[in-house]
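In the numbering used here, the protein residues as written are 5 to 407. No residue lacks a Cβ here, since even glycine has one placed at the ideal position from N, Cα and C. All values derive from a computational prediction rather than experimental measurement. Structure, as structure tokens:
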Amino acid sequence: MSAHKLLIDIGSTYFKLSSEGTVRHYFRDFTRPIFDDLMDKCGDIVARYHPEEIQICSSANGGLSTLILGLSDSFSLRYTVNIAFNSGINIIDTVLLPQIESATPPLERVDVVILVGGIDGVGGIFDEKVVDFLQRTAYNNIVYVGSDADRAFLESRLPNLVVLENIITDRLKMNEKALKTYLTDLYQADIMGKEEIKRFYEITANQIYSTPYIVNRALPHISERLEVADPFIVVDIGGATTDIHYSRDLVVDNIVAEGGYDRLVFKKLGVYKSRENLVHTAKQNEFVFELLGYLGVTEEILQERSEKATKVLMQLAIFLVLYKVSRHHADYIELKLDNLNALVLTGGITKVLSDEDADAIVRFFYKKLLHFHEIPNIVIDRNYEIWTYGMQSIENERSADDN
Numbered sequence: 005m006s007a008h009k010l011l012i013d014i015g016s017t018y019f020k021l022s023s024e025g026t027v028r029h030y031f032r033d034f035t036r037p038i039f040d041d042l043m044d045k046c047g048d049i050v051a052r053y054h055p056e057e058i059q060i061c062s063s064a065n066g067g068l069s070t071l072i073l074g075l076s077d078s079f080s081l082r083y084t085v086n087i088a089f090n091s092g093i094n095i096i097d098t099v100l101l102p103q104i105e106s107a108t109p110p111l112e113r114v115d116v117v118i119l120v121g122g123i124d125g126v127g128g129i130f131d132e133k134v135v136d137f138l139q140r141t142a143y144n145n146i147v148y149v150g151s152d153a154d155r156a157f158l159e160s161r162l163p164n165l166v167v168l169e170n171i172i173t174d175r176l177k178m179n180e181k182a183l184k185t186y187l188t189d190l191y192q193a194d195i196m197g198k199e200e201i202k203r204f205y206e207i208t209a210n211q212i213y214s215t216p217y218i219v220n221r222a223l224p225h226i227s228e229r230l231e232v233a234d235p236f237i238v239v240d241i242g243g244a245t246t247d248i249h250y251s252r253d254l255v256v257d258n259i260v261a262e263g264g265y266d267r268l269v270f271k272k273l274g275v276y277k278s279r280e281n282l283v284h285t286a287k288q289n290e291f292v293f294e295l296l297g298y299l300g301v302t303e304e305i306l307q308e309r310s311e312k313a314t315k316v317l318m319q320l321a322i323f324l325v326l327y328k329v330s331r332h333h334a335d336y337i338e339l340k341l342d343n344l345n346a347l348v349l350t351g352g353i354t355k356v357l358s359d360e361d362a363d364a365i366v367r368f369f370y371k372k373l374l375h376f377h378e379i380p381n382i383v384i385d386r387n388y389e390i391w392t393y394g395m396q397s398i399e400n401e402r403s404a405d406d407n
């Protein structure tokens, strides 16, 4: 990759600029438009680069929400969840087709509905009950990636349906390229519709990507820069959400995927924009009050607005996300955390927590919930640069294609 590139990540709390091996971080001024804030603080840096040399990723537009209707937890639904998360999409609900008559449509409008089910040649999976459910659902886009035998029926009943090739091959492997491309393009179209974000096309001639997608692209390259060995997880704690990216050998399932890493998003576990939800979730957890005592604070800290309170909330976010992927929480995928070699922390958290703060919370979790006295290696992305590895990966692929 040419050294003469400027990489920019637009987050809900910080924006970051990377050029010539240096990453600069800027806390956003929430009273101002993001573009104006960036240009006032960094316009002299941006002016040194041509639009073709500037690459941008963003999570500041809130991301896309999706509702997925699938045939089974084992294959179609799980495959689609896997692809959506790894494309940087936020899943608000999933519905199994056999249970659709008792399912309740989401109250909020969703950006995209994904329909999936069956291998090619198998029909009769989708019927009028599915159509009725969708007629009671508010959505902006709808895409079908299931059996070719039901395409004609769905196209006749759902006029705005986009039909792509089946994500399930006849060998029960994942065929993810078409859906992933569709979701990535949809994300870009969403950015183009957001006034604050689309202004960034004034300074770049390249596609603006979803930051979670970019971070997932970085995972195969992390060991080249940090002391990390598989299996590992990356916990990215931001202002609005907390993402967890993990090695696939930490989970047991029947998915045969192209990549070795997956992603989960906890949409309302952020420290700034989702603060109230984080506090509410913490109060409902059976271990949190003991944890607060372990940290030497009382419940009142959750209502404070101070640097110490922010630090405690970040520690709670780490604990809660580990809890939600452990055997103690059945609603999320279970990761084999006892096999974990490394835990990488990134996001705004890296600017607040010390090594000792991170060690304390992970040690409490492993001792209290897993009954382990040894903990994985904790690596803090102090330079907040993991996203740059993903951007460089995309640039390297583009250069290889050009050659």
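Local Cβ density within 10 Å of residue i, reported as buried at 16 or more and exposed below that
i: N258; result: Annotation note: pLDDT 49 at N258 (below 50); position unreliable, coordinate value reported separately. It counts as exposed.
i: T141; result: buried
i: T35; result: exposed
i: N86; result: buried
i: T173; result: exposed
i: Q319; result: buried
i: Q396; result: buried
i: K328; result: buried
i: D359; result: exposed
i: G74; result: buried
i: F160; result: The identity of residue 160 in the sequence shown is Ser, whereas the question assumes Phe. That one is exposed.
i: F79; result: buried
i: A193; result: exposed
Chain-order list of residues whose beta-carbon lies under 7 Å from that of residue i (same chain, five-residue window excluded)
i: N343; result: P235, L254
i: K372; result: F291
i: V260; result: Any answer about V260 is weak, because its pLDDT of 49 lies below 50 and its placement is not dependable; what the coordinates show is given next. Correct list, in chain order: K177, M178.
i: Y353; result: In the sequence as presented, Tyr is not what sits at residue 353; that position holds Ile. Counting only Cβ-Cβ distances below 7 Å, and skipping sequence neighbours, we find I241, M318.
i: Y250; result: I237, Y265, D266, L339
Whole-angstrom distance between residue j and residue i, CA atom to CA atom
i: I345; j: L21; result: A quick correction: the sequence has Asn, not Ile, at residue 345. Looking at the two C-alpha atoms, the distance is approximately 30 Å.
i: N94; j: S403; result: 30 Å
i: I4; j: V114; result: The shown model of the chain, from 5 to 407, leaves out residue 4, and the question about it has no answer.
i: L42; j: S214; result: 18 Å
i: I390; j: H29; result: 13 Å
i: I58; j: V166; result: 32 Å
i: F204; j: D40; result: 10 Å
i: I104; j: I129; result: 12 Å
i: L81; j: I337; result: 13 Å
i: H284; j: V366; result: 21 Å
i: S227; j: A233; result: 6 Å
i: G351; j: L162; result: 40 Å
i: L326; j: N289; result: 12 Å
i: D33; j: E112; result: 29 Å
i: M5; j: N400; result: Caution applies to M5, whose pLDDT of 40 falls short of 50 and renders its modelled position unreliable; the model cannot decide the point.
i: I60; j: G297; result: 42 Å
Contacts around residue i, its chain only, beta-carbon distance under 6 Å, and the 5 residues preceding and following it disregarded
i: D124; result: S151, D152, N170
i: P109; result: R140, T141
i: Y148; result: L119, L158, L165, V167
Beta-bridge pairing of residue i - partner residues as DSSP gives them
i: A10; result: Per the sequence shown, the amino acid found at residue 10 is Leu instead of Ala. Looking at the DSSP assignment, L10 forms a beta bridge with I58.
i: R267; result: H249
i: V292; result: According to DSSP, which records beta bridges pairwise, V292 is partnered with nothing at all.
i: V27; result: S22
Close Cβ partners of residue i (< 8 Å) along its chain, the five nearest in sequence each way excluded
i: V126; result: S151, A153
Residue i Cβ short of 8 Å to the ligand GDP heavy atom set
i: I322; result: With respect to small molecules bound, the structure shown includes none, and the ligand GDP cannot be examined in it.
Next item on the list: Quick one: which unbroken beta strand (DSSP E) runs of 3-plus residues sit fully inside the segment 318-394? Chain order, please.
Entry: 346-351, 381-384
Next item on the list: Could you name each continuous beta strand (DSSP E) segment of 3 residues or more that falls completely within the segment 64-122, going from the start of the chain to the end?
Entry: 69-74, 94-100, 114-119
Note to self: Quick check for students: name the residue ranges of the alpha helix (DSSP H) that lie wholly in the segment 120-185, counting only runs of 4 or more.
What the structure shows: 132-139, 155-161
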